[in-house]
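Numbering of the sequence shown is given in our numbering, commencing with residue 13 and proceeding in unit increments. Working notes, beginning with the structure itself.
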Amino acid sequence: MSRLAELVTDAARLDGEGARIMQICNACRYCEGYCAVFPAMERRLEFDSASLAYLANLCHHCGACYYACQYAPPHEFAVNVPKVFAQIRLASYEDHAWPRAFASAYRRGGSVAALATAAGLALFFLLAIAIGAPDGLWGRPSGSFYAVFPHGLLVAVFGIAFLFAITALTLGALRFHRGLTPNGGLGVRPLSDALTLRNLKGGGEGCYVRAGIDHPPDRLRRWLHHLTFYGFLLCFASTALATVYHYAFAAPAPYAIVHPVVILGTLGGIGLVVGPAGLLWLKRWHDAAVIDAAQHGLDAGFTALLLATSATGLALLAFRDTAAMPLLLATHLGVVLALFVTLPYGKFVHGIYRYLALAHHAREEGR
Ligand code: SF4
Ligand code: SF4
Numbered sequence: 013m014s015r016l017a018e019l020v021t022d023a024a025r026l027d028g029e030g031a032r033i034m035q036i037c038n039a040c041r042y043c044e045g046y047c048a049v050f051p052a053m054e055r056r057l058e059f060d061s062a063s064l065a066y067l068a069n070l071c072h073h074c075g076a077c078y079y080a081c082q083y084a085p086p087h088e089f090a091v092n093v094p095k096v097f098a099q100i101r102l103a104s105y106e107d108h109a110w111p112r113a114f115a116s117a118y119r120r121g122g123s124v125a126a127l128a129t130a131a132g133l134a135l136f137f138l139l140a141i142a143i144g145a146p147d148g149l150w151g152r153p154s155g156s157f158y159a160v161f162p163h164g165l166l167v168a169v170f171g172i173a174f175l176f177a178i179t180a181l182t183l184g185a186l187r188f189h190r191g192l193t194p195n196g197g198l199g200v201r202p203l204s205d206a207l208t209l210r211n212l213k214g215g216g217e218g219c220y221v222r223a224g225i226d227h228p229p230d231r232l233r234r235w236l237h238h239l240t241f242y243g244f245l246l247c248f249a250s251t252a253l254a255t256v257y258h259y260a261f262a263a264p265a266p267y268a269i270v271h272p273v274v275i276l277g278t279l280g281g282i283g284l285v286v287g288p289a290g291l292l293w294l295k296r297w298h299d300a301a302v303i304d305a306a307q308h309g310l311d312a313g314f315t316a317l318l319l320a321t322s323a324t325g326l327a328l329l330a331f332r333d334t335a336a337m338p339l340l341l342a343t344h345l346g347v348v349l350a351l352f353v354t355l356p357y358g359k360f361v362h363g364i365y366r367y368l369a370l371a372h373h374a375r376e377e378g379r
């Protein structure tokens with residue numbers, strides 16, 4: 013069987029399994045108070061590919077419905093909503109990827125992250141050696157970060173990477189959004205649901221991902237997601253503010269330790285170390301029954317890149333006045349570049365798709 017035929021068969025099997033499980037859930041409805049998935053499911057009698065992609069992206073994978081389910085394995089109905097929805101989510105990222113040729117990157121998340129990091133590091137190490145001779149990667153440069161890498165060079169490299177990432181993310185999101193009929197605005201309610209991760213509460217008690225080892229549900233996974241997300245936002249705000257200082261006030265980096273740019277970056281960096289490190293640690297305790305093992309690389313690759321970005325950023329801040337600065341700067345920039353170019357093909361997209369699904373759910377409820 014050709015690869016294309018295999019993919020079509022897999023997609024049909026996955027849709028068939030998703031529709032089978034939703035028909036059972038729609039008759040049962042025991043879990044309707046757990047999250048937004050079940051009220052959305054109850055508005056439907058049939059479950060086509062687009063409906064399943066929508067429901068799967070509404071699911072926050074808290075596991076509550078699996079551990080409550082009287083039809084879960086070893087029952088012959090073998091209902092496993094979190095696992096099947098995780099597989100359908102991955103298929104939805106592939107279906108809407110731009111460019112299409114890169115869709116297979118989602119199934120090679122770990123390798124893609126590792127390759128991009130190696131390429132990013134190689135690029136900046138070579139640039140440092142080429143530009144910074146005779147000091148190269150070690151030694152106190154005269155002046156600032158821009159004495160190692162000229163500002164114009166950094167703007168060109170990261171401008172191209174950023175534009176590519178934004179274009180790929182936007183086109184992918186638009187393709188998914190088009191399948192959510194009726195279309196409409198994004199609204200405030202889904203924003204609050206997304207920012208508070210309301211649907212990761214497992215109906216109130218917390219996330220059940222560790223319940224497989226007889227651990228009670230807890231909010232740890234939700235808090236670690238918050239630290240990661242808000243840490244990312246603070247780091248982004250720090251970079252945006254630095255751009256304003258550079259162009260509007262002619263005040264280039266580096267900045268004093270009490271400068272708003274450094275304070276925002278440090279707080280964000282701490283969140284981006286604790287959150288991703290905690291999420292990686294938590295994966296060890298996930299119940300294998302509810303996860304899709306094929307997505308381990310996708311999850312871990314993105315989370316590890318976030319962790320590496322913040323850890324190298326904090327190390328650069330701590331040792332920026334030493335001879336190690338050029339090496340640390342090249343390392344940090346190489347990792348950040350890898351993070352940028354892999355954003356559209358890593359776990360980052362789950363936040364965008366989930367928000368679009370929440371917005372669609374709010375529209376359906378409003379009707
Ligand atoms: S997951 Fe199980 S208990 Fe929950 S609605 Fe579906 S069939 Fe019913
Ligand atoms: S969010 Fe939790 S309760 Fe809702 S469908 Fe997903 S795993 Fe089940």
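A virtual CB, placed ideally from N, CA and C, is assigned to each residue, including glycine.
Look at Asp205 here: in three-state DSSP terms it is helix. By the Cβ rule, the stretch 185-192 counts as touching the stretch 367-374, because three or more pairs are nearer than 8 Å. With 16 or more other CB atoms across the displayed protein chains lying within 10 angstroms of its CB, Phe97 is buried. Cys71 places its beta carbon 8 Å or farther from that of Cys43. Contact between the stretch 102-118 and the stretch 130-142 is absent, with fewer than three C-beta pairs closer than 8 Å. Judged by their CB atoms, Leu203 and Arg234 are not nearer to each other than the 8 Å cut-off.
Put simply, of Pro272, Leu291 and Gly358 the residue whose alpha carbon is nearest the alpha carbon of Gln307 is Gly358. Assignment of beta-bridge partners to Asp230 by DSSP yields Cys219.
Contact check for Phe241 against Gly280 fails: the beta carbons are separated by 8 Å or more. Check the Cα spacing between Ile364 and each of Ala62, Leu181, Leu165 and Gln82: the tightest is with Leu181.
Comparing alpha carbon positions, the residue from Asp107, Leu339 and Cys74 closest to Asp22 is Asp107. The criterion of a C-beta distance shorter than 8 Å is satisfied by Val347 and Thr129.
Below 8 Å, too few C-beta pairs join the stretch 53-60 and the stretch 79-90 to call them touching: fewer than three.
With a minimum length of 4 residues, the unbroken runs of alpha helix (DSSP H) contained wholly in the stretch 99-178 fall at 121-143.
Across the set Asp304, Val353 and His344, the C-alpha of Asp304 shows the shortest separation from the C-alpha of Gln99. At least one heavy atom of ligand 1 lies less than 7 Å from the C-beta of Tyr83.
Spanning the alpha carbons of Val273 and Gly325 requires a straight line of approximately 13 Å.
It is roughly 42 Å from the alpha-carbon of Gly184 to the alpha-carbon of Asp333. No heavy atom of ligand 2 is found nearer than 7 Å to the CB of Val96.
Considering only Gly121, Gln35 and Glu54, the residue with the shortest C-alpha distance to Ala312 is Gly121. For the pair Ala68 and Ser104, the CB atoms are nearer than the 8 Å cut-off. Pairwise C-beta distances place the stretch 294-304 out of contact with the stretch 246-255, as fewer than three of them are shorter than 8 Å. Each of Tyr46, Cys47, Val49, Cys71, His72, Cys74, Ala76, Cys77, Val93 and Pro94 has a C-beta closer than 5 Å to some heavy atom of ligand 2; these make up the full list, in chain order. Distance from the Cα of Trp150 is smallest, within the candidate group Cys37, Glu376 and Ala336, for Ala336.
Assigned with DSSP and collapsed to three states, Glu58 falls in coil, not helix or strand.
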